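Note that the sequence shown covers residues 1 to 305 in the UniProt record's numbering. Below: one structure, written as structure tokens.
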Amino acid sequence: MRWLIAIPILWIGIGSLGVAKTVPVEFHGKEAELTIDNKGTKYLAWTFNGQVPGPLVRVTEGDVVDFTLVNEITNKKSHAMDFHAAQLDAAKDFGQIRPGETKHYSFKANYPGVFFYHCGADPMVQHIARGMFGVIIVDPKDPKAMPKADREYVLVQSEIYSNPDDEKSLMEGKWEFAAFNFCKFKYDPVHDERATTWLQAKPGERVRIYFVNAGPNEFASFHPIAGIWDRVYVGGNPKNVLYGLQSFTVGPGDGAIFDLVSPVEGANAIVTHSMKQALSGAIAIIMFTKDADPKMGRGDQILVR
């Protein structure tokens, strides 16, 4: 077994086939200012380990996640952790802790898929809106359950609210813009010339996108402009596979795996096809070129910060 708790990513090695592991995961709740657009606008976020989305957790079906949450004593708010990949006692294990306190629990990852995790402290809508969320990937124990991907990317959609302290506006869904990975047009130099990053792959490669909709309120109609989803795995479970889709809807707090294979060079624009969301910030460009950076979509460049 090999594991690494790191910033900007928490990577769990898969290890030997068929051998379940206990995987230690430790998060620190931190309230910090982060950049939410390409011009450098700062936003007071509530985070896991100082980043949004929080660290990527990756385990294999059957593994036991041994989880610890530390609520930093310098924080002002109580925080909690709700793993959608877990089957536990919500009141006992997902209960909130005050600044300076620690919470520990463990769970077995019984189902493969791509799952949401988030702070469940009250009011939950505010903690999610401020950025306390992330992704846990549970790979199937059968390595042949899905075709091998050449590259992988993680995209988390969410809405950014200009006044997240106004619970009424949060409940009414009065957001300012939508974004992938908590930054407006982060991977889209077409709509924002200040963007310096985009996704990359070569023509013919199977690109696997682990998509989670953090919400907290809006549904996402996930679509690749100038492409077709070769396969969509509902919930990320290999048993729930659909073929040849133009778009697929993912609700708040849910996820899916999307496979994209482009036969030609050029760009696809990955969007939520709700135009209010897309044109306010939820677009990611993926460039298919023979000169694609070999590091992109691999290793620590799966969740591109």
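The beta carbon of each residue, even a glycine, is placed where N, CA and C say it ideally should be. Since we're looking at a predicted model, the values are computed, not measured.
The alpha helix (DSSP H) enclosing residue i, as first and last residue numbers
| i | result |
| --- | --- |
| M230 | The residue you asked about is not Met; residue 230 is Asp in the sequence shown. Looking at the DSSP string, D230 is not in any alpha helix (DSSP H); the run it does join, the beta strand (DSSP E), is 229-234. |
| S221 | No alpha helix (DSSP H) holds S221; the beta strand (DSSP E) holding it covers 220-225. |
| E167 | 167-171 |
For residue i, three-class secondary structure by DSSP
| i | result |
| --- | --- |
| L279 | coil |
| K103 | strand |
| H127 | helix |
| I7 | Here I7 scores only 33 on pLDDT, less than 50, and its place in the model should not be relied on; the value that follows carries that caveat. Coil at I7, not helix or strand. |
| M287 | strand |
| Q87 | coil |
| Q51 | strand |
| G253 | coil |
| K174 | coil |
| G95 | coil |
| G299 | helix |
| A214 | strand |
| F185 | coil |
| G15 | Model confidence at G15 stands at a pLDDT of 44, short of 50, so the residue's coordinates are unreliable and nothing is read from them. |
| D82 | strand |
Residue interval of the beta strand (DSSP E) (run including residue i)
| i | result |
| --- | --- |
| L245 | 241-245 |
| V23 | 22-35 |
| A269 | 266-272 |
| L199 | 199-201 |
| S158 | 151-160 |
| R58 | 57-60 |
| F115 | 113-118 |
| residue 362 | Since the first residue of the chain shown is 1 and the last is 305, residue 362 is not available in this structure. |
Of the listed residues the options, nearest to residue i (C-alpha basis)
| i | options | result |
| --- | --- | --- |
| F258 | K148, A278, T196, F27 | K148 |
| S262 | V154, I228, T272, A292 | I228 |
| A91 | R98, A80, H273 | A80 |
| G40 | K184, L56, V135, F67 | K184 |
| D188 | E218, I285, G120 | I285 |
| K174 | V65, V212, N217 | N217 |
| Y233 | G215, A214, R208 | R208 |
| D165 | A129, A220, R194 | A129 |
| H118 | G297, Y43, F83 | F83 |
Close beta carbons around residue i, own chain, < 8 Å, minus the five adjacent residues each side
| i | result |
| --- | --- |
| F182 | L34, I36, A45, V52, P53, G131, V156, S158, I160 |
| M287 | W198, L199, Q200, A201, G266, A267 |
| K290 | K202, P203, E265 |
| E167 | P123, V125, Q126 |
| G236 | P112, G113, V114, F115, I137, V138, Y210, G255, A256, I257 |
| R98 | N71, S78 |
| G244 | I228, W229, D230 |
| K76 | E31, P99 |
Same chain, Cβ closer than 6 Å to residue i, five either side skipped, listed in chain order
| i | result |
| --- | --- |
| G100 | I73 |
| V70 | H28, T102 |
| A20 | G62, D63 |
| L88 | F107 |
| P238 | P140, A145, M146 |
7 Å Cβ cutoff, residue i in contact with chain B
| i | result |
| --- | --- |
| F248 | No chain B is present in this structure, which holds just one protein chain. |
Same chain only: Cβ atoms within 7 Å of residue i, ignoring 5 sequence neighbours per side
| i | result |
| --- | --- |
| V271 | H223, I225, A278, A282, I283 |
| E176 | I160, Y161, S162 |
| M171 | V125 |
| G251 | N213, F219 |
Residues bridged to residue i (per DSSP)
| i | result |
| --- | --- |
| A68 | Reading off the sequence shown, one finds Thr at residue 68, where the question assumed Ala. E26, H104, per the DSSP bridge assignment. |
| L260 | V207, W229 |
| A179 | S158 |
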